[in-house]
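Student:
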Amino acid sequence: MKRNDAGNHENPFPISVIGGELLMSSREGFDSVTIYRMGDLLVINAESDAEFFDGAQFTVEPEGEIGPEDIEVIWTTLGGRIRREDEGAEDHDFIIAEIKITENGELIFDTKVNFAKKAFEAIDEFLQRNE
Numbered sequence: 001m002k003r004n005d006a007g008n009h010e011n012p013f014p015i016s017v018i019g020g021e022l023l024m025s026s027r028e029g030f031d032s033v034t035i036y037r038m039g040d041l042l043v044i045n046a047e048s049d050a051e052f053f054d055g056a057q058f059t060v061e062p063e064g065e066i067g068p069e070d071i072e073v074i075w076t077t078l079g080g081r082i083r084r085e086d087e088g089a090e091d092h093d094f095i096i097a098e099i100k101i102t103e104n105g106e107l108i109f110d111t112k113v114n115f116a117k118k119a120f121e122a123i124d125e126f127l128q129r130n131e
């Protein structure tokens, strides 16, 4: 049902979404998740304006029709605080997006994207070198 397309550092989005139907877009601060329908395939792009996130692309092959009501993007902080829809957009601490897609009430895709993981790895590497 699902397939992860890792891409590479030069092109993290090997599947072009030009001409696809945008099903959902969710943005938090510098980070965004967009989901497109490309024929029978759903293409999920995770992007950031920040330099420390290279981008990620995932694909899902549902058996039937998926609509925006079947897709949920839940933004959280590293501490686990969940962004509520009625909150303002001033808080840019939400750096993890959990993407959930259901089909006929069954969860067919569930993944978390940590937009700051590469930055934390760089800090950890720097600290280990300077011990």
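Heads up: the sequence shown begins at 1 in this note's numbering, then just goes up one per residue.
Glycine residues also receive a C-beta, built at the ideal position from the N, C-alpha and C atoms.
Please name the residue in Ile95, Ser48, Gly55 and Ser25 whose C-alpha comes closest to that of Pro14.
Tutor: Measuring from the Cα of Pro14, the nearest candidate turns out to be Gly55.
Student: Is Met24 closer than 9 angstroms to Ile95 when the C-beta atoms are compared?
Tutor: Cβ atoms of Ile95 and Met24: not closer than 9 angstroms.
Student: Mapping the DSSP letters down to three states, classify Glu61 as helix, strand or coil.
Tutor: Coil at Glu61, not helix or strand.
Student: DSSP beta-bridge partners for Leu107?
Tutor: Its beta-bridge partners are Thr102.
Student: For Val60 and Phe109, which I take to be in contact (beta-carbon distance under 8 angstroms), what is that distance rounded to the nearest angstrom?
Tutor: Yes, Val60 and Phe109 are in contact; Cβ-Cβ is about 5 angstroms, under 8 angstroms.
Student: Between the Cα of Asp93 and the Cα atoms of Asn130, Thr76, Ser16 and Ile18, which residue gives the shortest distance?
Tutor: If we check each option's Cα against that of Asp93, Thr76 comes out closest.
Student: Nearest CA to the CA of Gly39: which residue from Gly19, Glu69 and Pro68?
Tutor: Of the candidates Gly19, Glu69 and Pro68, the one whose C-alpha sits nearest the C-alpha of Gly39 is Gly19.
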